[in-house]
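Chemist:
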Amino acid sequence: MLIGAIEAGGTKFVCAVGDESGDIIAKTSFPTKDPEETFKDVNNFFREYKVEAIGIGCFGPVDLDKKSDTYGTILNTPKTKWIQYDVLGKLKKDLKVPVYIDTDVNAAALAEYKYGAGRDVNSCMYITVGTGIGAGYVQDGNTYVGKSHPEMGHVLIQQHENDAFPGGCPYHGNCLEGLASGPAIEKRYGKKGHQLAADSHVWELEAYYLAQAIMNYFLILAPERIILGGGVMKQQQLYPLIRRKFLEMMNGYLTIENADTFIVAPELNDEQGVRGAMALVPVMLRN
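Counted from 1, the sequence shown has number 276 at position 276 by UniProt numbering; the numbering is strictly sequential.
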């Protein structure tokens, strides 16, 4: 079965074709432009291949309520030309094959669960820390979607007493994304994260915020593994800091046998999104 995959990001689209084992046969990427231009590029790629179905991991927020009249439609995104754009309907109309949609982070979580850092557990969470913060959750091979998809990057956390930064989220100010995303780091310090690599204070504070969020997610969903990816997590010194702060915050409540194997880096070399989109097809067919 030849499967198509789309990682639909706010910055770029990645399109691929592959098989049910997750192997990629061909792949391309291009910048995310306005919808019509972007889907012209999508169509040009898939014209060369006879795919039987397509999975798409999409930036959001996107309506994932299958009972909704706007299922598969982008909602109130900062990318104004994409607001109320029917991504699912457009793909079905253009490509004339079954199309299965989920969030970009759910797709990434599914890929790590099947092929990467979560392949030896029954449940895992993938958290991306970059331009924004988002998280996807997989249990027994299925991604989690409620009435809408979880927006875990916008949880409220306790701000550090020595952090006077008001937060960068236009909706909530000092939510997790507003305090710990890549743009929040740049707004707080006037420099991008990679220019602050040697400043231990920056990463102690970042770990403080991410550890709080992980504690909350763990207490609510109890995933067996937390996988942290995204551009900010290229700062490898964050992983041990987050593990230490997470254990301090848990304070012995519930057993964490090994923090080093509980909070880990991704293993799929930035192909989580597109391989996860491909993996959505057999999951959706099964359900």
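Don't be surprised by glycine CBs; every beta carbon is placed ideally from N, CA and C.
(1) Could you tell me the alpha carbon to alpha carbon distance between V121 and R225, rounded to whole angstroms?
(2) Going by C-alpha distance, which of D19, S68, C58, D69 is nearest V51?
(3) Give me the DSSP bridge partner(s) of A277.
(4) Decide yes or no for the touch test of the stretch 80-95 against the stretch 167-179: beta carbon pairs closer than 8 Å, at least 3 of them.
(5) Which ranges would you report for the beta strand (DSSP E) in the stretch 184-260 if only whole runs of at least 3 residues count?
(6) Can you tell me whether DSSP reads Q272 as helix, strand or coil?
(7) Using DSSP with H/G/I as helix, E/B as strand and the rest coil, what is Y113?
(8) Which value, in whole angstroms, describes the spacing of the CA atoms of I56 and V17?
(9) If the criterion is Cβ atoms closer than 8 Å, does the pair G182 and G231 meet it?
(10) Looking at the structure shown, is F13 part of a helix, part of a strand, or coil, going by DSSP?
(11) Excluding five sequence neighbours on each side, which residues of the same chain lie with their C-beta closer than 8 Å to the C-beta of V264?
(12) Quick check: what's the CA-CA separation for D69 versus M152?
(13) Given a cut-off of 8 Å on the beta-carbon distance, is the pair L205 and H154 in contact?
(14) With respect to the alpha helix (DSSP H) encompassing T128, which residues constitute its N-terminal and C-terminal limits?
(15) Which first and last residues belong to the alpha helix (DSSP H) in which V87 is found?
(16) Given this structure, state the Cα-to-Cα distance separating G146 from Y49, to the nearest angstrom.
(17) Applying the criterion that 16 or more other CB atoms from any shown protein chain within 10 Å of the CB defines a buried residue, is H194 buried or exposed?
(18) Classify Q236: buried if its beta carbon has 16 or more other beta carbons within 10 angstroms, exposed otherwise.
(19) So, for G9: in the same chain, excluding its five sequence neighbours on each side, which residues have a beta-carbon less than 8 Å away from its beta-carbon?
(20) Could you spell out the range, first to last residue, of the beta strand (DSSP E) harbouring A135?
(21) If you follow the alpha helix (DSSP H) that P35 is in, where does it begin and where does it stop?
(22) Where does G146 sit, in a helix, a strand or coil, going by DSSP?
(23) Go ahead and pull the three-state DSSP assignment for P31.
Modeler: The short version:
(1) 7 Å
(2) It is D19.
(3) Answer is none; A277 lacks a bridge partner.
(4) Taking a cut-off of 8 Å on C-beta distances, the stretch 80-95 does not touch the stretch 167-179, as fewer than three cross pairs fall below it.
(5) 225-229
(6) helix
(7) helix
(8) 12 Å
(9) yes
(10) strand
(11) A117, R225, I226, I227, L228, Y239
(12) 25 Å
(13) no
(14) T128 -> not in any alpha helix (DSSP H); beta strand (DSSP E) instead, spanning 123-129.
(15) Where V87 is concerned, the enclosing alpha helix (DSSP H) stretches over 87-95.
(16) 34 Å
(17) exposed
(18) exposed
(19) Same-chain partners within the cutoff: T32, F59, D104, G273.
(20) 133-139
(21) 35-46 is the span of the alpha helix (DSSP H), which, as asked, contains P35.
(22) coil
(23) Three-state result, P31: strand.
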